[in-house]
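Student: Mind having a look at this structure? Questions to follow.
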Amino acid sequence: MAHVAKWKYREVEELTSLLTSHPVVGVVEIGSIPAPQLQHMRAGIREIGVLRATRNRLLLHALKEAEKKVKGISALAESVKGQAAIIATESNPFKLFKYIKETKTNAPAKGGEIATHDIEVKAGETPFKPGPIVGELQKAGIPAAIEGGKVVIKKDKVVVSAGETIPPQLAQMLTRLEIYPIEIGMKLHAVFEDGNIFTPDVLDIDAEKFMADIQQAAYNTFALAVSVAWVTPQTVEPLIAKAQREAVALAVETGYPTKENIKLLLAKAYAQSLALASKVDEHKNT
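Listed below in structure tokens is the structure:
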């Protein structure tokens with residue numbers, strides 16, 4: 376039997392403890408993050424939880440052990456890829472996703488990176504004076520020209536599509552144009568909470584629109600309940616008020632006198648008498 380270093384046992388034990396002592400656990404990829412930025416992120420994330428980087432194999436062992444106490448958490452194993460780490464937190468999955476998204480920053484391209492999104496240069500003036508820079512921009516695939524004594528980009532252009540490699544020459548020109556296309560930050564693969572696995576596409580919501588939709592749905596539900604006379608603690612008062620208004624209207628329409636509608640009946644009768652008198656006068660004059 377192969378010897379296993381004691382530190383690996385301790386590491387699995389500590390990871391298992393983290394996985395089982397927090398209600399929400401996220402798996403992130405940190406391989407592309409430079410050490411200084413990662414250290415900064417590790418310090419910042421202490422506001423909401425614990426970031427723990429480890430070897431993938433040890434994390435997979437810890438997930439198996441954690442499954443004994445927390446059912447369903449081992450499903451996170453499918454999301455352990457690249458240079459993985461876990462974030463254990465008391466927060467909820469949506470807040471965790473938002474936090475990770477907000478901590479991302481942009482950096483200059485060096486060349487050789489794979490673009491994660493379309494990289495586009497916009498038409499307009501540049502800060503450069505006319506000179507060799509025009510040819511350098513053109514060689515990099517950027518539609519530059521001199522107009523009115525200024526170096527301009529003549530039209531919007533996608534210079535690198537998502538999934539393509541960024542050429543070194545273009546990377547240099549993008550930096551000079553202060554276009555920083557490389558996104559630095561943790562890449563969230565999945566989050567576990569209460570037996571459920573949440574993926575980024577589920578967690579990436581517009582919070583304000585989501586709340587507005589909930590409020591509109593609540594209003595529509597309330598209006599429907601009132602219209603069909605569905606009695607609930609929320610609708611009982613509006614339904615009583617509606618029934619009272621309808622009862623008064625019916626009593627006035629049928630001429631049935633009550634304490635609540637007597638003034639309305641008198642006003643209605645007075646208006647009808649005036650209308651009748653007007654018609655009598657018209658008849659006399661014909």
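Heads up: the sequence shown begins at 376 in the numbering used here, then just goes up one per residue.
We put the beta carbon where it would ideally sit given N, CA and C, even for glycine.
What does the Cβ neighbour count give for MET561, buried or exposed, with the cut at 16 atoms within 10 Å?
Tutor: The count along the sequence shown starts at 1 and reaches residue 561 at position 186. By the 10 Å Cβ count, MET561 comes out buried.
Student: Under three-state DSSP, which class holds ILE557?
Tutor: What you label residue 557 is simply residue 182 of the sequence shown in a count that begins at 1. It is a strand residue.
Student: Looking at ALA463 and VAL425, is the spacing between their C-beta atoms short of 8 Å?
Tutor: Taking the first residue of the sequence shown as position 1, residue 425 is located at position 50. Taking the first residue of the sequence shown as position 1, residue 463 is located at position 88. The answer is yes: Cβ separation under 8 Å.
Student: Three or more C-beta pairs under 8 Å: does that hold for the segment 480–487 against the segment 550–569?
Tutor: Flag = yes, the segment 480–487 and the segment 550–569 touch.
Student: When you compare only the Cα positions, how much space is there between GLY406 and VAL526?
Tutor: Within the sequence shown, numbered from 1, the residue matching residue 406 stands at position 31. Within the sequence shown, numbered from 1, the residue matching residue 526 stands at position 151. Distance between the alpha carbons of GLY406 and VAL526: 39 Å.
Student: Just confirm the distance between the C-beta atoms of VAL610 and ALA600, as a whole number of angstroms; I'd bet it's less than 8 Å.
Tutor: Taking the sequence shown and counting its residues from 1, one reaches residue 610 at position 235. Taking the sequence shown and counting its residues from 1, one reaches residue 600 at position 225. Contrary to the premise, residue 610 reads as Thr rather than Val in this sequence. At roughly 5 Å, the Cβ-Cβ gap stays under 8 Å, so THR610 and ALA600 are in contact.
Student: Following the continuous alpha helix (DSSP H) through ASN431, name the residue where it begins and the one where it ends.
Tutor: Against the sequence shown, residue 431 aligns to sequence position 56. From DSSP, the alpha helix (DSSP H) with ASN431 extends over 431–442.
Student: Under 8 Å: do the segment 511–519 and the segment 571–589 share three or more Cβ pairs, one atom per stretch?
Tutor: Cβ pair count under 8 Å is below three, so no.
Student: Helix, strand or coil: how does DSSP classify GLY424 here?
Tutor: As a working mapping, residue 424 is identified with position 49 in the sequence shown. Strand.
Student: Can you name, in chain order, every residue of its own chain whose Cβ lies under 7 Å from the Cβ of ASN431, other than the five neighbours on each side?
Tutor: By 1-based counting over the sequence shown, the position of residue 431 is 56. Same-chain partners within the cutoff: VAL455 and ALA459.
Student: Grab me the residues of ALA428's own chain with a C-beta within less than 7 Å of its C-beta, minus the 5 sequence neighbours each way, in chain order.
Tutor: Sequence index remark: in the sequence shown, residue 428 carries index 53 (1-based). Here the set comprises ILE405 and ALA460.
Student: Quick one: what's LYS562 bridged to in DSSP?
Tutor: As a first step, residue 562 is located in the sequence shown; it is residue number 187 there, counting from the start. Partner(s): GLU404.
Student: Shortest alpha-carbon distance to LEU549 belongs to which of THR491, ASN571, ALA520 and GLY486?
Tutor: On the sequence shown, residue 549 is found 174 positions in, with the first residue counted as 1. Comparing Cα-Cα distances from LEU549 to each of THR491, ASN571, ALA520 and GLY486, the minimum goes to GLY486.
Student: Closest to THR491 by CA distance: which of ILE528, TYR555 and LEU433 is it?
Tutor: As a working mapping, residue 491 is identified with position 116 in the sequence shown. For THR491, the nearest C-alpha among the options comes from TYR555.
Student: Can you give the beta carbon distance from THR501 to ALA441, rounded, assuming they're within the 8 Å contact cut?
Tutor: Residue mapping note: residue 501 aligns to position 126 of the sequence shown, counting from 1. Residue mapping note: residue 441 aligns to position 66 of the sequence shown, counting from 1. With a Cβ gap of about 54 Å, THR501 and ALA441 do not count as contacting.
Student: Would ILE541 and GLU488 qualify as a contact pair, given that the criterion is a beta-carbon distance under 8 Å?
Tutor: Locating residue 541 in the sequence shown gives position 166, counting from the first residue. Locating residue 488 in the sequence shown gives position 113, counting from the first residue. Contact flag set, yes.
Student: Where LEU563 and TYR384 are concerned, what is the direct C-alpha to C-alpha distance, given to the nearest angstrom?
Tutor: Here residue 563 refers to the residue found at position 188 of the sequence shown. Here residue 384 refers to the residue found at position 9 of the sequence shown. Looking at the two C-alpha atoms, the distance is approximately 26 Å.
Student: To which residues of the same chain is SER466 closer than 7 Å at the C-beta, ignoring the five residues directly before and after it?
Tutor: Looking up residue 466 in the sequence shown gives position 91. The answer, listed in chain order, is VAL399, ILE423 and GLY424.
Student: State the start and end residues of the unbroken alpha helix (DSSP H) segment that holds ASN595.
Tutor: Against the sequence shown, residue 595 aligns to sequence position 220. Start and end: 582–602.
Student: Could you pull the start and end residues of the beta strand (DSSP E) that THR464 belongs to?
Tutor: The sequence position of residue 464 within the sequence shown is 89, counting from 1. It spans 459–464 - the beta strand (DSSP E) in which THR464 sits, taken as one unbroken run.
Student: Rounded to whole angstroms, what's the CA-CA distance from LEU639 to PRO608? Just pull it up for me.
Tutor: Along the sequence shown, one-based indexing puts residue 639 at 264. Along the sequence shown, one-based indexing puts residue 608 at 233. Whole-angstrom Cα-Cα distance: 32 Å.
Student: Can we count TRP382 as close to the ligand NAD, meaning its CB is less than 7 Å from some heavy atom?
Tutor: No copy of the ligand NAD appears in this structure; indeed no ligand is present at all.
Student: Provide the residue(s) that pair with PHE573 in DSSP beta bridges, ordered along the chain.
Tutor: In the sequence shown, residue 573 corresponds to position 198, counting from 1. According to DSSP, which records beta bridges pairwise, PHE573 is partnered with VAL566.
Student: When the Cα of SER536 is compared with those of GLY447, ILE494 and LEU438, which residue comes out closest?
Tutor: Here residue 536 corresponds to residue number 161 of the sequence shown, with the count starting at 1. Here the closest residue by C-alpha is ILE494.
Student: Keeping to the same chain, check which residues put their C-beta closer than 6 Å to that of ALA450; ignore five residues upstream and five downstream.
Tutor: Stepping through the sequence shown from its first residue, residue 450 is reached at position 75. Same-chain partners within the cutoff: ILE572.
Student: Which residues in the same chain as GLY499 place their Cβ atom closer than 7 Å to its Cβ, once the five residues preceding and following it in sequence are excluded?
Tutor: Here residue 499 refers to the residue found at position 124 when the sequence shown is read from its first residue. Correct list, in chain order: VAL527 and ILE528.
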